[in-house]
């Protein structure tokens, strides 16, 4: 049994680590496999010598990372857990003699209408943002909760606010209704609403409900099911195709060929959540087809990128065991 002390320079970081009623301490104890006893502005660490030494190295790295991060005001338990996973993974691979390069976002994505600054929270989210800046088409591939939809909407709002585009076009296959939405009440937007609710939620978070409705009325934001996109050329637009795993090969070809001048396109999907009949989805084949293609980026998300409730990562992992 070894005992050591670690005192944090930043009281704000220490409070964030401890969480409400020291809930964060219990989580860290489980993750580090040692006992953590709060003492003033730090911890007394108790456990096996290797585990305590690893925890001390992790706290030093965490503190240095916190000082350098532009988003430190918004860091929370997810960021601490993500850094710990990164350090553990790279230590096991014996890369850089066990010293991991801690993640910090390369740049701010957007300031929301509430004044909150949005930053990527994982390495793959950062790559996703950079791909939108560097490429005309970006594929986002990965499980639920990794931020594929939200980040694409946030970047679309950024492009619109900066005057780089004139319109955001949101589309998604309405698989449950077989692309036949006529039986639903209301106009086209109201018919598609149930299928694009996650996109609306992201828009409301980024620019607010009133601005979203204003842009829709001015057709600066356009919502249409995949079936209504045929024959169009979309210039000066940011096109977001969500749930692309439920598109056939011909639908994906049709959407990708809508790209006009000064436009960007995001195609995101999760191959583990295909609602089409077996063999009908073209998403996986298209992703493989456009690997290493100029002006087309691909970002593959993993379970470590899930930013929803920590239980979601466990759920995804369990379903992979089936």
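In the numbering used here, the protein residues as written are 70 to 391. Where is the CB? At the ideal position from N, CA and C, for every residue including glycine. These numbers were taken from a predicted model, which means no experiment stands behind them.
Given this structure, state the Cα-to-Cα distance separating residue i from residue j, to the nearest angstrom.
{"i": "residue 307", "j": "residue 287", "result": "16 Å"}
{"i": "residue 221", "j": "residue 267", "result": "12 Å"}
{"i": "residue 84", "j": "residue 230", "result": "36 Å"}
{"i": "residue 147", "j": "residue 242", "result": "32 Å"}
{"i": "residue 107", "j": "residue 178", "result": "35 Å"}
{"i": "residue 115", "j": "residue 386", "result": "31 Å"}
{"i": "residue 321", "j": "residue 199", "result": "23 Å"}
{"i": "residue 190", "j": "residue 174", "result": "7 Å"}
{"i": "residue 235", "j": "residue 289", "result": "6 Å"}
{"i": "residue 335", "j": "residue 312", "result": "11 Å"}
{"i": "residue 395", "j": "residue 82", "result": "Absent from the structure is residue 395, since the part of the chain shown begins at 70 and ends at 391."}
{"i": "residue 144", "j": "residue 280", "result": "28 Å"}
{"i": "residue 327", "j": "residue 302", "result": "5 Å"}
{"i": "residue 344", "j": "residue 105", "result": "46 Å"}
{"i": "residue 363", "j": "residue 204", "result": "8 Å"}
{"i": "residue 356", "j": "residue 367", "result": "8 Å"}
{"i": "residue 369", "j": "residue 358", "result": "15 Å"}
{"i": "residue 132", "j": "residue 342", "result": "38 Å"}
{"i": "residue 305", "j": "residue 226", "result": "13 Å"}
{"i": "residue 126", "j": "residue 181", "result": "35 Å"}
{"i": "residue 331", "j": "residue 90", "result": "51 Å"}
{"i": "residue 419", "j": "residue 128", "result": "As displayed, the chain neither begins before 70 nor continues past 391, which places residue 419 out of reach and without an answer."}
{"i": "residue 94", "j": "residue 323", "result": "51 Å"}
{"i": "residue 78", "j": "residue 176", "result": "25 Å"}
{"i": "residue 388", "j": "residue 346", "result": "19 Å"}
{"i": "residue 371", "j": "residue 278", "result": "31 Å"}
{"i": "residue 391", "j": "residue 383", "result": "13 Å"}
{"i": "residue 135", "j": "residue 186", "result": "16 Å"}
Is the beta carbon of residue j closer than 9 Å to that of residue i?
{"i": "residue 216", "j": "residue 197", "result": "yes"}
{"i": "residue 325", "j": "residue 206", "result": "yes"}
{"i": "residue 153", "j": "residue 100", "result": "yes"}
{"i": "residue 291", "j": "residue 237", "result": "yes"}
{"i": "residue 365", "j": "residue 208", "result": "yes"}
{"i": "residue 124", "j": "residue 103", "result": "yes"}
{"i": "residue 377", "j": "residue 228", "result": "no"}
{"i": "residue 171", "j": "residue 140", "result": "no"}
{"i": "residue 112", "j": "residue 155", "result": "no"}
{"i": "residue 213", "j": "residue 271", "result": "no"}
{"i": "residue 284", "j": "residue 276", "result": "yes"}
{"i": "residue 337", "j": "residue 380", "result": "no"}
{"i": "residue 353", "j": "residue 314", "result": "yes"}
I think residue i touches residue j, with their Cβ atoms under 8 Å apart; what is that distance to the nearest whole Å?
{"i": "residue 293", "j": "residue 218", "result": "Wrong, their Cβ atoms sit about 16 Å apart, outside the cutoff."}
{"i": "residue 348", "j": "residue 318", "result": "At roughly 10 Å, the Cβ-Cβ gap does not stay under 8 Å, so residue 348 and residue 318 are not in contact."}
{"i": "residue 339", "j": "residue 211", "result": "6 Å"}
{"i": "residue 109", "j": "residue 86", "result": "Residue 109 to residue 86, Cβ: 14 Å. No contact."}
{"i": "residue 192", "j": "residue 121", "result": "Not a contact, Cβ separation roughly 28 Å."}
Can you tell me whether residue i is helix, strand or coil according to DSSP?
{"i": "residue 226", "result": "helix"}
{"i": "residue 138", "result": "coil"}
{"i": "residue 340", "result": "coil"}
{"i": "residue 328", "result": "strand"}
{"i": "residue 391", "result": "coil"}
{"i": "residue 111", "result": "strand"}
{"i": "residue 70", "result": "coil"}
{"i": "residue 86", "result": "helix"}
{"i": "residue 360", "result": "coil"}
{"i": "residue 158", "result": "helix"}
{"i": "residue 333", "result": "strand"}
{"i": "residue 375", "result": "coil"}
{"i": "residue 317", "result": "strand"}
{"i": "residue 246", "result": "Here residue 246 scores only 40 on pLDDT, less than 50, and its place in the model should not be relied on; the value that follows carries that caveat. Looking at residue 246 - three-state DSSP - the assignment turns out to be helix."}
{"i": "residue 103", "result": "coil"}
{"i": "residue 77", "result": "coil"}
{"i": "residue 130", "result": "helix"}
{"i": "residue 95", "result": "helix"}
{"i": "residue 149", "result": "helix"}
{"i": "residue 370", "result": "coil"}
{"i": "residue 303", "result": "strand"}
{"i": "residue 380", "result": "helix"}
{"i": "residue 125", "result": "helix"}
Flag residue i as yes if its beta-carbon sits less than 9 Å from any beta-carbon of chain C, otherwise no.
{"i": "residue 357", "result": "Absent from the structure is chain C; it holds one protein chain and no more."}
(message) Could you tell me which whole beta strand (DSSP E) segments of length 3 or greater appear in the region 173-240?
(response) 206-210
(request) Pick out the complete beta strand (DSSP E) segments inside the region 261-301, 3 residues or longer, and give them in chain order. (result) 290-294
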